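In our numbering, the protein residues as written are 2 to 251.
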């Protein structure tokens, strides 16, 4: 199944202003993300942005980009508008690659798309990997998830889940039970168009996790268990410095 990659890129960021345009090895970060995504075998890679500056930076480096509304409350809403602008069919597979992941593995993008193709009962697919560090397990900035027997998401949380009832969690969590969510999503385009019309759920507001809206409304999310961890993303100036140190100039 062919798939399309859309990269939402919002210029405003409280922790790192103008993040999509941050220079990494001589190129804007958003260009690195788009080029990595293109290696996944996607039919097309398109940046969806609210900023003319990002549009111009993409054009200067041969990356296709669309200008979307500035009032979208989430990246998923921006993707929905991009689907309309691109005229994608309802059964098209759309992969949401975050614009702050310049080291995203192309194979992980494709695996996410393949997982959705293999699960016709699911509206979405996402990625997770094992957590083997107790500190990471307790960190509320690390989103955890639990799955059912068929590999579909049951719940996402910032809290440590699952919890060991009869005693403290082990120093090294069980790799087959404790999973870290990776913010990579594949959608069926018809569901992506419906998503902005779904009422936000109470759980979504409590956890500040948009994917809980999907489960709240009875839709299913397939989970690809990756044997590898993704490369580091960029949320803060410290993250940016780390990624810069890992990448060499072209």
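Built from N, CA and C at the ideal position, the CB exists for glycine as well. All of these numbers come straight from a predicted model, not from anything done at the bench.
Have a look at residue 50 and residue 230 and give me their C-alpha separation to the nearest angstrom. If you draw a straight line from the Cα of residue 50 to the Cα of residue 230, it comes to about 27 Å.
Whole angstroms are fine: how far does the CA of residue 69 sit from the CA of residue 140? Near 34 Å, if we compare the C-alpha coordinates of residue 69 and residue 140.
Quick check: the Cα distance between residue 218 and residue 26, rounded to an integer number of angstroms? Residue 218 and residue 26 have their C-alpha atoms roughly 43 Å apart.
8 Å CB neighbourhood of residue 108 in its chain, flanking five on each side removed: Counting only residues of its own chain and dropping the five nearest sequence neighbours on each side, residue 108 has a CB closer than 8 Å to the CB of 41.
Using 8 Å for Cβ pairs, my map puts residue 210 next to residue 144. What's the rounded Cβ distance? With 8 Å as the limit, residue 210 and residue 144 qualify as a contact, their Cβ atoms being about 6 Å apart.
Assigned exposure category for residue 213 - 16 Cβ within 10 Å defines buried: Under this definition residue 213 is a buried residue.
Using CA atoms only, rank isn't needed, just tell me which of 22, 119, 204 is closest to residue 156. Per the Cα distances, 204.
When the Cα atoms are used, what is the spatial distance from residue 236 to residue 101? If you take the alpha carbons of residue 236 and residue 101, they lie about 7 Å apart.
Beta-carbon within less than 6 Å of residue 104's beta-carbon, same chain only, minus the 5 sequence neighbours each way: which residues are those? Setting aside the 5 residues that flank it on each side, residue 104 is surrounded in the same chain by 232, each with a C-beta closer than 6 Å to its C-beta; the list follows chain order.
Determine the burial state of residue 142: buried for a count of at least 16 other Cβ atoms within 10 Å of its Cβ, exposed for fewer. The residue is exposed, with fewer than 16 neighbouring Cβ atoms inside 10 Å.
Going by DSSP, what residue range makes up the alpha helix (DSSP H) through residue 138? Going by DSSP, residue 138 is part of the alpha helix (DSSP H) stretching over 135 to 139.
With the cut-off set at 8 Å, would you say residue 44 and residue 3 are in Cβ contact? The beta carbons of residue 44 and residue 3 sit closer together than 8 Å.
Give the single residue among 190, 178, 166, 8 whose Cα lies nearest to the Cα of residue 129. Of the candidates 190, 178, 166, 8, the one whose C-alpha sits nearest the C-alpha of residue 129 is 178.
What residues match up with residue 116 in a beta bridge as DSSP calls it? Looking at the DSSP assignment, residue 116 forms no beta bridge with any residue, so it has no partner.
If you follow the beta strand (DSSP E) that residue 62 is in, where does it begin and where does it stop? Per DSSP, residue 62 belongs to no beta strand (DSSP E) and is neither H nor E.
Best match in 113, 63, 46, 76 for proximity to residue 87 [C-alpha to C-alpha]: Of the residues 113, 63, 46, 76, the one whose Cα lies closest to the Cα of residue 87 is 46.
Enumerated in chain order, which unbroken segments of the beta strand (DSSP E) with a length of 3 residues or greater are wholly contained in the stretch 170 to 229? DSSP runs (the beta strand (DSSP E)) wholly in the stretch 170 to 229: 180 to 189, 222 to 226.
Answer yes or no: do residue 78 and residue 163 have a C-beta to C-beta separation smaller than 8 Å? In this structure, residue 163 does not lie closer than 8 Å to residue 78 by Cβ.
To the nearest angstrom, how far is the alpha carbon of residue 114 from that of residue 188? Straight-line spacing of the CA atoms in residue 114 and residue 188 works out to 8 Å.
Among 202, 67, 56, 221, whose alpha-carbon lies nearest the alpha-carbon of residue 19? Of the candidates 202, 67, 56, 221, the one whose C-alpha sits nearest the C-alpha of residue 19 is 56.
Considering only residues of the same chain and omitting the five flanking positions on each side of residue 116, which have a CB-CB separation below 6 Å? Excluding sequence neighbours, residue 116 sits near 126, 223, 225.
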